[in-house]
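Notes for the one structure printed next.
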Amino acid sequence: MGNDLPPGALIGVLFLLLLLSAFFSGSETALMSLNRYQLRHKARQGHRGARMAERLLKRPDRVLGLILLGNNLVNIFAASLVAVAAMRMGGQPAVALGSLVMTFVILIFAEAAPKTLAAMHPERLAFPAALIYYPLLKITYPIVWMTNICSNGVLYLFGVRRGDNELQSLTREELRTLVREAGGRISNRYQAMLLGILDLEKVTVDDVMVPHNEVIGLDLDDDIEDIEKTILESQHTRLPVFQDSIDNVVGILHLRKLANREIRTFNKQTLRRLLDEPYFVPEGTPLSTQLVQFQRRRLRIALVVDEYGDIQGIVTLEDILEEIVGEFTTDPTDDEIDAVRDGADAWLVNGTANVRELNREQRWE
């Protein structure tokens, strides 16, 4: 064929073959470099190229077989043209030189450059290429099928099994990395909220509960006047009610139930009738589990107990939500400074400070 083509036509055909080779090489890299989650998102939004690419990548062995088949045919045809033309112009020495030059041209212009460009901007090439490859794969399917049978057979001999190329689920740590790497795409506030949700699994009720010695409650052994004073001065909507000791909780009082009652009719018998049954949870319960339990039971407060049944503290729904959205209470005690610097390498820390909150406030984590 090279003997019948004038030099101008030969150069034109070679240029076209190099373009096809570059297209095959670049589209291969582009398709394999696509972010599968972004691809699925675009496909669900109705992007035609993304839908075609997603279908092709469900069986990457087929699309790779098609690309490699086309690329090799194009390169072989181009090399043959150069060899025939070189033989006509200068014999065997020209063939050797032509092969060397053609190898360099293919390596740079049909492999390295298009693959690098495709890796930098995969979607720009992958989506248009998918629109071409999808119908082309149907046309050449018998040839591609035979190629895949042979290649999969070789892999089978080496103990490699072809599995389904389904999108794998991300682990919690991988999701956390994605959120952190989102950068300016997500505001700092939303980023902190997403990280807070992901951390619920490893944070337990012990980390956020109000400890035993800080629990404010009502002692039925106190005078009714003292009980009334505690209720009126309380900043909480729910209070544990106990007998003699906080370890002997008899119920939870929702202050809303007292809203329509006259103070002169209030007594301990009335108080007992208004109590809700206490809800106990074991220490070490992950916040993610406790959040679900609050939702199922339609409760907002729980008593944390150890393995012996002794009360260690109180955890509320608000405590868990604050792990996600941050502080949203107006408790004046929240303004207290838990740590102050004492010299260059030392800090004075309040003995009752929550270690987790302290690490977060001072950015020691």
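Counting from 1, position 324 in the sequence shown corresponds to residue 306 in my numbering; the numbering is continuous, with no gaps.
Glycine residues also receive a C-beta, built at the ideal position from the N, C-alpha and C atoms.
Values in this document were obtained by computation on a predicted structure and should not be read as measured data.
Assumed close pair residue i, residue j - CB separation to whole angstroms, cut-off 8 Å
{"i": "Leu257", "j": "Ile228", "result": "15 Å between Cβ atoms; not a contact."}
{"i": "Ala95", "j": "Leu0", "result": "Their Cβ separation, rounded to whole angstroms, is 11 Å, which puts Ala95 and Leu0 out of contact at 8 Å."}
{"i": "Glu305", "j": "Val187", "result": "Actually they are not in contact, since the Cβ atoms of Glu305 and Val187 sit about 11 Å apart, beyond 8 Å."}
{"i": "Asp282", "j": "Leu299", "result": "In the sequence as presented, Asp is not what sits at residue 282; that position holds Arg. Confirmed, about 4 Å."}
Reduced DSSP secondary structure (H/G/I, E/B, other) of residue i
{"i": "Arg162", "result": "helix"}
{"i": "Ile293", "result": "strand"}
{"i": "Gln217", "result": "coil"}
{"i": "Asp204", "result": "coil"}
{"i": "Thr186", "result": "strand"}
{"i": "Asp327", "result": "coil"}
{"i": "Thr298", "result": "strand"}
{"i": "Gly233", "result": "strand"}
{"i": "Ile58", "result": "helix"}
{"i": "Gln20", "result": "helix"}
{"i": "Ala78", "result": "helix"}
{"i": "Ile168", "result": "coil"}
{"i": "Pro264", "result": "strand"}
{"i": "Phe140", "result": "coil"}
{"i": "Leu285", "result": "strand"}
{"i": "Pro(-12)", "result": "coil"}
{"i": "Asp258", "result": "strand"}
{"i": "Ile228", "result": "strand"}
Residue i versus residue j - alpha carbon distance
{"i": "Ala60", "j": "Arg26", "result": "40 Å"}
{"i": "Val45", "j": "Ala35", "result": "10 Å"}
{"i": "Asp181", "j": "Leu50", "result": "45 Å"}
{"i": "Lys40", "j": "Met14", "result": "12 Å"}
{"i": "Gly308", "j": "Met175", "result": "8 Å"}
{"i": "Ile58", "j": "Arg22", "result": "36 Å"}
{"i": "Asn17", "j": "Gly28", "result": "17 Å"}
{"i": "Ala100", "j": "Ala32", "result": "16 Å"}
{"i": "Glu207", "j": "Leu152", "result": "57 Å"}
{"i": "Phe276", "j": "Pro222", "result": "17 Å"}
{"i": "Val126", "j": "Gly47", "result": "6 Å"}
{"i": "Gly(-16)", "j": "Ala164", "result": "Its pLDDT being 49, under 50, Gly(-16) is placed unreliably by the model, and nothing is read from it."}
{"i": "Ile121", "j": "Lys24", "result": "26 Å"}
{"i": "Leu(-2)", "j": "Val87", "result": "13 Å"}
{"i": "Asp292", "j": "Asp201", "result": "17 Å"}
{"i": "Gly199", "j": "Leu214", "result": "12 Å"}
{"i": "Tyr290", "j": "Thr271", "result": "21 Å"}
{"i": "Thr129", "j": "Gln74", "result": "34 Å"}
{"i": "Tyr348", "j": "Thr159", "result": "This structure leaves residue 348 out entirely; the chain is present only between -17 and 347."}
{"i": "Arg143", "j": "Cys132", "result": "13 Å"}
{"i": "Asp205", "j": "Val185", "result": "39 Å"}
{"i": "Gly10", "j": "Leu38", "result": "Residue 10 is actually Glu in this sequence, not Gly. For Glu10 and Leu38, the distance between alpha carbons rounds to 12 Å."}
{"i": "Gln173", "j": "Ile179", "result": "10 Å"}
{"i": "Asn249", "j": "Ile168", "result": "54 Å"}
{"i": "Arg280", "j": "Leu273", "result": "10 Å"}
{"i": "Asp203", "j": "Phe224", "result": "9 Å"}
{"i": "Glu156", "j": "Leu177", "result": "12 Å"}
{"i": "Gly8", "j": "Met71", "result": "33 Å"}
{"i": "His103", "j": "Leu2", "result": "19 Å"}
{"i": "Thr212", "j": "Asp301", "result": "22 Å"}
{"i": "Ser349", "j": "His236", "result": "Because the chain in this structure spans residues -17 to 347, residue 349 falls outside the shown range and cannot be described."}
Beta-carbon gap between residue i and residue j smaller than 8 Å
{"i": "Leu(-8)", "j": "Ala78", "result": "no"}
{"i": "Val232", "j": "Gly295", "result": "no"}
{"i": "Val297", "j": "Val190", "result": "yes"}
{"i": "Pro260", "j": "Leu285", "result": "yes"}
{"i": "Arg30", "j": "Leu113", "result": "yes"}
{"i": "Glu183", "j": "Pro268", "result": "yes"}
{"i": "Val56", "j": "Ser81", "result": "no"}
{"i": "Ala12", "j": "Leu89", "result": "no"}
{"i": "Thr252", "j": "Arg238", "result": "no"}
{"i": "Asn134", "j": "Asp43", "result": "yes"}
{"i": "Phe109", "j": "Gly52", "result": "no"}
Exposure label - residue i; buried when at least 16 CB within 10 Å
{"i": "Met84", "result": "buried"}
{"i": "Tyr115", "result": "buried"}
{"i": "Thr98", "result": "exposed"}
{"i": "Leu(-4)", "result": "buried"}
{"i": "Phe140", "result": "exposed"}
{"i": "Gly(-10)", "result": "exposed"}
{"i": "Ala4", "result": "buried"}
{"i": "Ala111", "result": "buried"}
Closer than 8 Å to chain B by CB, residue i
{"i": "Glu36", "result": "Given the protein chain composition of this structure (a single chain), no chain B is represented."}
Proximity test, residue i beta-carbon vs the ligand MG heavy atom, cut-off 7 Å
{"i": "Gly72", "result": "In the structure on display, the ligand MG does not appear, and there are no ligands present to speak of."}
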